[in-house]
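A.B. asks: Residue numbers (my numbering): -7 to 408.
What follows is a single structure, and I will ask about it in a moment.
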C-alpha cells in the first residue's frame, strides 16, 4: 500500500546562524544572531507530532557528524587552524532541510517499478556541498530493500542539483502514475540559480521516467532575484493540487497548459501578486508549506506561524478557505528557529511515496519514538550557540556527544 511519508530532518545540535547561503534572505539577514539548537529541534518534533495527529505517516532522518573533519582534511586543513568561514561551513546543520536530500520518483512513475531516490549534490553552496556522502549512506540504510528502492549517488558537478525542493509530483492519488515536474533556474539577478536543467534531465533519465509525462519548467528570474532560492519557496503540489505564486514560473501559461493536458483533473491555485507579493510570499513562506492529504481526506496546508502573522497572506488564506477552494484546511506550526535560517515546514521534510512496510522501521516514528528523541534532545542539545562559540572545543565535544546519543536511541550504529 503506497502512502506518502514525510521524513523530517532532525535539527542537529550544531544549528547556528552563520549566514552561509546567499540568496536565502532570512539566513543572511540573521547572520551572527544567537541560535537555539534545542528549541529548534523540539519545534521540529512538535511539527512531526502534529503530522501524526492528522493521520499522516512520519519518518525521520538524523543529522550527519559535525564538524565534517573529513571535508576539512580534503582541504588540507583541520578545524583548529581553519579560518572562520571554513569552520562555519564544516559545522553547518543545513542537512536539517531534508527537502534537499534527494529527488524521489515513486514506483508508479518509474520504468522498473521501484522507487528511485537520487541524492542531491548541492554543489552551489560550499557548506552544503559535503552533505551528500552522509545523506547517501543514510538513505541506503533507510531504503535498503533493493526489491523496492534504488538509491543513487548525485549527478556530477558542475550541474547543480538541490533535490526535491525543485521537484513536484502531481497525480490522482499517490499510488497512481504521476506527472513529474522538474523546476530549474537560469539566472536570478544577484543570486545564483541553484538547479541546473542538465541535472534535472539526468535525474529523470536515471529514474526511468516516461518523457511524455515529465515536464522541465523554468523558475522565474524575478522569483529567484526576490529570494526564492528554491522552487518550494513559491510553489507546492500534492496529488492533483498545485499551489503557486503568480510569478513562480517564467512561462506559467505554457506550463499550466501542459499540465492540464497531461492531468486534466489538476486543480491549479494561483495566488495573485497583487494580493500577496513575492516579498510577502518569501517573508511568510506561504508556499514553503506542507500540502498534505490527512486521514480525513481534506487537502490541508501546514504553514509556519509567520504566514498567520502576515495580514495579507492570512487574508488570502481565509478567502481561499471561505471560497470552497481545493485546499480545505490550514494548520499552523511553530518552526521559527528554522525560519530564521531560511527554512519553513516544507524544507524540513523529504516526501517519499511508498509502502511503509518496505522502509527500515528505525526511520519511522510514532509518538513514543518522538518521546525518546525529545528526551535525547532535551538532555544533550546545546541551549544556545552564538557566533563566537563555534571555536569552543567544549561545544564541539557536546555536539559529538549529542549526536552519538541520538544514534544510540534510534539503534543506528551503522551511521555512527
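We put the CB at the ideal spot given by N, CA and C, even for glycine.
When you compare only the Cα positions, how much space is there between residue 278 and residue 295?
C.D. replies: Each residue's alpha carbon lies about 6 angstroms from the other.
A.B. asks: Going by the beta-carbon positions, is the gap between residue 50 and residue 357 smaller than 7 angstroms?
C.D. replies: Cβ distance < 7 angstroms, so residue 50 and residue 357 count as in contact.
A.B. asks: Using only CA atoms, which one of 236, 145 and 101 lies nearest to residue 112?
C.D. replies: The shortest Cα separation from residue 112 among 236, 145 and 101 belongs to 145.
A.B. asks: Going by the beta-carbon positions, is the gap between residue 385 and residue 5 smaller than 7 angstroms?
C.D. replies: Cβ distance not < 7 angstroms, so residue 385 and residue 5 don't count as in contact.
A.B. asks: As a quick exercise: from 200, 213, 80 and 261, pick the residue whose alpha carbon is nearest that of residue 105.
C.D. replies: That would be 200, whose Cα lies nearest to the Cα of residue 105.
A.B. asks: Label residue 331 either buried or exposed according to how many other C-beta atoms from any shown protein chain fall within 10 Å of its C-beta, with 16 as the threshold for buried.
C.D. replies: Residue 331 is buried by the Cβ-count criterion.
A.B. asks: Which of the three DSSP states is assigned to residue 408 in this structure?
C.D. replies: Correct three-state label for residue 408: coil.
A.B. asks: Checking the sheet assignment: what are the DSSP bridge partners for residue -2?
C.D. replies: Partner(s): 50 and 343.
A.B. asks: What's the call for residue 165, buried or exposed, on a 16-neighbour Cβ count within 10 Å?
C.D. replies: The residue in question, residue 165, is exposed, as its Cβ has fewer than 16 Cβ neighbours within 10 Å.
A.B. asks: I'd like to know if the segment 12 to 27 and the segment 41 to 50 are in contact, where contact means that at least 3 CB-CB pairs between them fall below 8 angstroms.
C.D. replies: No, the segment 12 to 27 is not in contact with the segment 41 to 50.
A.B. asks: Let me know the secondary structure DSSP gives residue 77 once reduced to three states.
C.D. replies: Three-state result, residue 77: helix.
A.B. asks: May I ask which residues mark the beginning and end of the alpha helix (DSSP H) holding residue 192?
C.D. replies: From DSSP, the alpha helix (DSSP H) with residue 192 extends over 189 to 198.
A.B. asks: Taking residue 397 as the reference, give the member of 376, 348 and 367 with the closest Cα.
C.D. replies: With distances taken between Cα atoms, residue 397 lies closest to 367.
A.B. asks: Residue 293 and residue 324: beta carbons closer than 7 angstroms?
C.D. replies: Against a cut-off of 7 angstroms, the Cβ pair of residue 324 and residue 293 comes out as no contact.
A.B. asks: To the nearest angstrom, how far is it from the Cα of residue 95 to the Cα of residue 161?
C.D. replies: If you take the alpha carbons of residue 95 and residue 161, they lie about 11 angstroms apart.
A.B. asks: In the DSSP assignment, what are the bridge partners of residue 262?
C.D. replies: DSSP output for residue 262 lists 236 as bridge partner(s).
A.B. asks: My parser needs the beta strand (DSSP E) runs of 3 or more residues fully inside the segment 254 to 302; what are they?
C.D. replies: With a minimum length of 3 residues, the continuous beta strand (DSSP E) runs that stay inside the segment 254 to 302 are 259 to 263, 282 to 284 and 292 to 296.
A.B. asks: So residue 395 is in the alpha helix (DSSP H); what residue range does that whole segment cover?
C.D. replies: Element bounds for residue 395: 385 to 401.
A.B. asks: I'd like to confirm the pairing. Which residues does DSSP put opposite residue 144 in its beta bridges?
C.D. replies: 110, per the DSSP bridge assignment.
A.B. asks: Hey, quick one: how far does the beta strand (DSSP E) through residue 23 stretch, first residue to last?
C.D. replies: First-last for residue 23: undefined, no H or E at that position.
A.B. asks: Any idea what DSSP makes of residue 244, helix, strand or coil?
C.D. replies: Three-state DSSP puts residue 244 in a helix.
A.B. asks: Going by the CB atoms, is the gap between residue 93 and residue 116 shorter than 7 angstroms?
C.D. replies: Taking 7 angstroms as the Cβ cut-off, residue 116 and residue 93 do not qualify as a contacting pair.
A.B. asks: Between 53, -4, 78 and 0, which has its C-alpha nearest residue 63's C-alpha?
C.D. replies: Comparing Cα positions, the closest option is 78.
A.B. asks: Does the beta-carbon of residue 235 have 16 or more other beta-carbons within 10 angstroms, so that it is buried, or is it exposed?
C.D. replies: Residue 235 is buried by the Cβ-count criterion.
A.B. asks: Are the Cβ atoms of residue 259 and residue 308 separated by less than 7 angstroms?
C.D. replies: No, the Cβ-Cβ distance between residue 259 and residue 308 is not below 7 angstroms.
A.B. asks: Taking the beta strand (DSSP E) that residue 227 belongs to, which residues open and close that run?
C.D. replies: Counting along the chain, the beta strand (DSSP E) containing residue 227 begins and ends at 227 to 230.
A.B. asks: Going straight from the alpha carbon of residue 15 to that of residue 185, what length do you get?
C.D. replies: Computed Cα separation, rounded: 9 angstroms.
A.B. asks: Suppose contacts are defined by Cβ-Cβ distances below 7 angstroms. Is residue 191 in contact with residue 243 by that definition?
C.D. replies: Cβ distance not < 7 angstroms, so residue 191 and residue 243 don't count as in contact.
A.B. asks: Quick check: residue 319 and residue 291, are their CB atoms within less than 7 angstroms of each other?
C.D. replies: Taking 7 angstroms as the Cβ cut-off, residue 319 and residue 291 qualify as a contacting pair.
A.B. asks: Give me the Cα-Cα distance between residue 371 and residue 353, rounded to the nearest whole angstrom.
C.D. replies: Going from the Cα of residue 371 to the Cα of residue 353 covers about 24 angstroms.
A.B. asks: Flag this pair as touching only if the segment 136 to 143 and the segment 171 to 185 have three or more C-beta atom pairs under 8 angstroms; answer yes or no.
C.D. replies: Too few Cβ pairs lie closer than 8 angstroms, so no.
A.B. asks: Measuring alpha carbon to alpha carbon, tell me which residue in 209, 215 and 264 is nearest residue 409.
C.D. replies: Past the edges of the chain, shown from -7 to 408, lies residue 409, and the structure says nothing about it.
A.B. asks: In the DSSP assignment, what residue or residues form a beta bridge with residue 165?
C.D. replies: DSSP output for residue 165 lists no bridge partner at all.
A.B. asks: Is it true that the CB of residue 172 sits closer than 7 angstroms to the CB of residue 101?
C.D. replies: Yes, these two residues count as a Cβ contact at 7 angstroms.
A.B. asks: Could you tell me whether the Cβ atoms of residue 176 and residue 195 are closer together than 7 angstroms?
C.D. replies: No, Cβ-Cβ distance for residue 176 and residue 195 is not below 7 angstroms.
A.B. asks: Rounding to the nearest angstrom, what Cα-Cα distance links residue 390 and residue 121 in this structure?
C.D. replies: If I take the Cα positions, the gap works out to 24 angstroms.
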